[in-house]
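Asks: Take a look at the following structure, please.
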Amino acid sequence: MFLGDANDTNIVLTAAKAWAGEIERYGWPDFPEFTKETHDRGVKHAPQMIWGRTKKIGCGLASCANKTKLMFVCHYDPAGNWLNGDAYTKITKLAGKCSKCPEMAVRECHDKLTSLCPTLEADVTWCGPNS
């Protein structure tokens, strides 16, 4: 959950940056393992954002009763942030391919983060004044 200013026209980006920034602010000493120590440091949203087993995400935005704040919330399926669980499974290269990447990723390794699968293009339909 992120509580932001009602006048922020980029509330989604603001929330995502705040959540991702937890790692830089508080550190994640046992990465990729998500431990109680990491959680207690304040790293609570960032692990869920990169949790490897998550396949679906749904987010919502609501205006608070006083109209000065917006609440942005995301739910993940399956949920992550399991204590003592790994945010993702490191993959290994086999004959130049990444062995645990999904078929739709053509099992190629990410070009810079070689222990991760590449980013997949999402089919997203945006709604709003510019859609």
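Heads up: the sequence shown begins at 1 in UniProt numbering, then just goes up one per residue.
Glycine included, C-beta positions come from ideal geometry on N, C-alpha and C.
Only a predicted model underlies this, so the values are computations on that prediction, with no experimental measurement involved.
#1: Is it right to say L3 is buried, meaning 16 or more other beta carbons lie within 10 angstroms of its own, or is it exposed?
#2: Using the C-alpha atoms, what's the distance from N66 back to P29?
#3: Classify G128: buried if its beta carbon has 16 or more other beta carbons within 10 angstroms, exposed otherwise.
#4: If you scan the UniProt domain "SCP" (3-84) from start to end, which runs of the alpha helix (DSSP H) of 4 or more residues do you find wholly inside it?
#5: Would you call the region 8-27 and the region 43-50 touching, i.e. three or more CB-CB distances under 8 Å?
#6: Is it buried or exposed for A79, if we count other Cβ within 10 angstroms and need 16 for buried?
#7: Assign A62 to buried or exposed, taking buried as 16 or more other Cβ atoms, counted over all protein chains shown, within 10 Å of its Cβ.
#8: Using the Cα positions of P32 and H75, report the straight-line distance between them to the nearest angstrom.
#9: Report yes if the C-beta distance between V87 and I57 is below 9 Å; otherwise report no.
#10: Can you name, in chain order, every residue of its own chain whose Cβ lies under 6 Å from the Cβ of G60, other than the five neighbours on each side?
#11: By Cβ distance below 7 Å, which residues in the same chain neighbour W82 in space, the five residues on each side in sequence not counted?
#12: Among L70, C64, M71 and K36, which one has its Cα closest to the Cα of G85?
Replies: In this structure, then:
#1: Mapped onto the sequence shown, residue 3 falls at position 3. Burial call: exposed.
#2: As a working mapping, residue 29 is identified with position 29 in the sequence shown. As a working mapping, residue 66 is identified with position 66 in the sequence shown. When rounded, the distance between both Cα atoms is 39 Å.
#3: Start at 1 with the first residue of the sequence shown, and residue 128 comes out as number 128. With a pLDDT of 44 at G128, under the threshold of 50, the modelled position of that residue is not reliable, and the figure given next carries that caveat. Exposed, since its Cβ has fewer than 16 Cβ neighbours within 10 Å.
#4: Those alpha helix (DSSP H) runs which fall completely within the UniProt domain "SCP" (3-84) and span 4+ residues are 11-26, 36-41 and 46-50.
#5: Under the Cβ criterion (8 Å, minimum of three pairs), the region 8-27 counts as touching the region 43-50.
#6: As a first step, residue 79 must be located in the sequence shown, where it is residue number 79. The residue in question, A79, is exposed, as its Cβ has fewer than 16 Cβ neighbours within 10 Å.
#7: Position 62 of the sequence shown, counted from the start, is the residue given in the question as residue 62. Here A62 is exposed. Its C-beta has fewer than 16 other C-beta atoms within 10 Å.
#8: Your numbering for residue 32 matches position 32 in the sequence shown. Your numbering for residue 75 matches position 75 in the sequence shown. Roughly 21 Å between the two C-alpha positions.
#9: Numbered from its first residue, the sequence shown carries residue 87 at position 87. Numbered from its first residue, the sequence shown carries residue 57 at position 57. Note on identity: in this sequence residue 87 is Ala, with Val being the wrong assignment. Not a contact, by the Cβ cut-off of 9 Å.
#10: Walking along the sequence shown from the start, residue 60 turns up at place 60. Beyond the five residues adjoining it in sequence on each side, G60 comes within less than 6 Å, by CB distance, of V73 in the same chain, given in chain order.
#11: Locating residue 82 in the sequence shown gives position 82, where the first residue counts as 1. Excluding its 5 nearest sequence neighbours in each direction, W82 has C-beta neighbours in its own chain below 7 Å: F34, listed in chain order.
#12: Translated into the one-based positions of the sequence shown, residue 85 becomes position 85. With distances taken between Cα atoms, G85 lies closest to K36.
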